[in-house]
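>
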Amino acid sequence: GGDELFAGYERYQAMLGSEAYHKMPAVIRNAISSFAGMLPDSINPKNQMRKVKRLFNAINLPKGERYLRWIGMLNEPLKRELYSDDFLRSVSAESPLEFINPFLNNDNNLLLTDALLYTDTMTYLPNDLLVKVDIASMANSLEARSPFLDHKLMEFTARLPANYKLRMFSKKHILKKAVKGFIPRQILNRKKMGFGVPVGRWFRNELKGLLKDTLLSDKSLSRGYFKPDGVKLMVKQHVDQQKDYTFSLWTLLMLELWHNRFID
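First residue of the sequence shown: 5, per the working numbering; consecutive thereafter.
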C-alpha cells in the first residue's frame, strides 16, 4: 500500500514526464523521439536505455492506453500478432481501458498523480497484490497485515497535495521526509527492491523445459486462442535471448496450466 499511497512506482514519474514532454515544442519532441528510437534494444529489464525506449514507444498514445502499455502483459500490437482471428474477433468488444478509465479519467478534477494513485488503489491493490498476499499467507497459516492501508491513513494521504508525494526526481517524498533521521540513510535512499523473481532467466534455463512442453504442446497450440506460429516465435526469441517476453510468456503459461487443471 505504501507505493499506491505515496507514489512509489517509476511509472508515475513516467506519466508525469510524458505529460511534460507533450508541452514541449514539436521540434524538441521530434528530436527527443528520434534519439530514443536509435537506442539499442536490451533484454535486461533493468537496463536504463530499454526503459527510455519503452517509455517513448507509448508516449504518443492517449493517457489510458499509455498507462496500460506500461503496466500490461500483452500490449495491443502483440495481441494482434498473437491472437487467432476468431479469438481476436470474440474479444474485440472488450477493452482493458473500460476497467481503468473510470478511475483514471474521472470527473473529480483530480491531478494526474492523484488519478494514477486512485486507479491503482481501486484496481491493482484489490485485484492483484492483496489477493495474492492473502492466498500465500493463508496457505502458510499466516495472518498478513498492511498498516499503510489503515483507512484513516489512506484518507489523510489522499487529501495531501500531489507534490507532497511525487516529484519528478523523488518518489514517496513526504514519507521519506517523515522517517528521515529514524532509519539509516542507506536504507532511505536505497533503490526500490520489489518481490520479483528472475522468471525471464528461468525460462531460458531451469524452466525452459516446462515452458516448451506446456506452450508448444499439440493440445495447447490447437486450442484456437493463439496463432501457433506466433507462440513458437515468442518462445524461440525469448529462449535465444533475442527479445524479452518474460511477462507475456508467464501469462500464456499460467493460462495453459489453468486450462489443464480446470477445463480439460
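We treat Cβ as the ideally placed atom computed from N, Cα and C, and that holds for glycine.
What are the start and end residues of each continuous alpha helix (DSSP H) run of 4 or more residues lying completely inside the stretch 118-174, in chain order?
The stretch 118-174 contains these whole alpha helix (DSSP H) runs: 134-143, 155-163, 166-169.
> Can you name the start and end residues of the alpha helix (DSSP H) that residue 179 belongs to?
Start and end: 177-183.
> Roughly how many angstroms separate the alpha carbons of residue 247 and residue 237, rounded to a whole number?
Approximately 10 Å between the Cα atoms of the pair.
> If you reduce the DSSP assignment to three classes, tell me which class residue 87 lands in.
DSSP places residue 87 in strand when its eight states are reduced to three.
> Thinking C-beta only, is residue 131 closer than 8 Å to residue 2?
This structure gives no information on residue 2, because the portion of the chain shown stretches from 5 to 268.
> Three-state secondary structure (DSSP) at residue 10?
The answer is helix: DSSP assigns residue 10 an H, G or I state.
> Are the beta-carbon atoms belonging to residue 84 and residue 92 less than 8 Å from one another?
Yes, the pair counts as a contact, with Cβ atoms nearer than the cut-off.
> Between the beta-carbon of residue 225 and the beta-carbon of residue 239, is there less than 8 Å?
Not a contact, by the Cβ cut-off of 8 Å.
> Can you tell me whether residue 172 sits near the ligand ATP, meaning its C-beta is under 7 Å from at least one heavy atom of the ligand?
This structure lacks the ligand ATP; in fact it carries no ligand of any kind.
> Could you tell me which of 31, 29, 59, 27 sits nearest to residue 41, measuring between CA atoms?
Nearest C-alpha to residue 41: 59.
> Residue range of the alpha helix (DSSP H) that residue 69 falls in?
Segment 67-75, the alpha helix (DSSP H) holding residue 69.
> Around the Cβ of residue 262, are there at least 16 other Cβ atoms within 10 angstroms (buried) or fewer (exposed)?
It is exposed - the Cβ of residue 262 has fewer than 16 other Cβ atoms within 10 Å.
> Can you list, in chain order, the residues of its chain whose CB lies under 6 Å from that of residue 170, leaving out five sequence neighbours each side?
Counting only Cβ-Cβ distances below 6 Å, and skipping sequence neighbours, we find 11, 16, 117.
> In the DSSP assignment, find the unbroken alpha helix (DSSP H) run with residue 222 in it and report its ends.
Where residue 222 is concerned, the enclosing alpha helix (DSSP H) stretches over 222-225.
> For a cutoff of 8 Å on Cβ pairs, would you count residue 165 as touching chain C?
The structure shown has no chain C; it contains just one protein chain.
> Can you have a look at residue 200 and say buried or exposed, based on whether 16 or more other CB atoms are within 10 angstroms of its CB?
The residue is exposed, with fewer than 16 neighbouring Cβ atoms inside 10 Å.
> Measuring straight from C-alpha to C-alpha, what distance separates residue 45 and residue 213?
Between residue 45 and residue 213, the C-alpha separation is close to 26 Å.
> Terminal residues of the continuous alpha helix (DSSP H) containing residue 39?
Run containing residue 39: 30-41, per the alpha helix (DSSP H) assignment.
> By a C-beta neighbour count over all protein chains shown, 10 Å radius and 16 as the cutoff for buried, is residue 39 buried or exposed?
Residue 39 comes out exposed.
> Would you mind reading off the limits of the alpha helix (DSSP H) that contains residue 55?
Looking at the DSSP string, the run of the alpha helix (DSSP H) that includes residue 55 is 52-62.
> Applying the 10 Å Cβ sphere with the 16-neighbour rule, what's the burial state of residue 242?
Result: buried.
> Contact defined as beta carbons within less than 8 Å: I believe residue 166 pairs with residue 115. What is the distance between those atoms, to the nearest angstrom?
That pair is a contact at about 5 Å.
> Measuring CA to CA, which of 265, 205, 133 is closest to residue 250?
Closest by alpha carbon: 205.
> Is the CB-CB distance between residue 1 and residue 256 below 8 Å?
The question about residue 1 has no answer here: the residues shown for the chain are numbered 5 through 268.
> If you run the structure through DSSP and keep just helix, strand and coil, what is residue 103?
The answer is helix: DSSP assigns residue 103 an H, G or I state.
> Can you list, in chain order, the stretches of the beta strand (DSSP E) that have 3 or more residues and sit fully within the stretch 229-263?
Counting whole runs of 3 or more residues, the stretch 229-263 contains no beta strand (DSSP E) stretch at all.
> How far does the alpha helix (DSSP H) with residue 214 in it extend, from its first residue to its last?
First-last of the alpha helix (DSSP H) with residue 214: 212-219.
> Take the Cβ of residue 19 as the centre, count every other Cβ of all protein chains shown within 10 Å, and call the residue buried at 16 or more, exposed below.
Buried, because 16 or more other Cβ atoms sit within 10 Å of the Cβ of residue 19.
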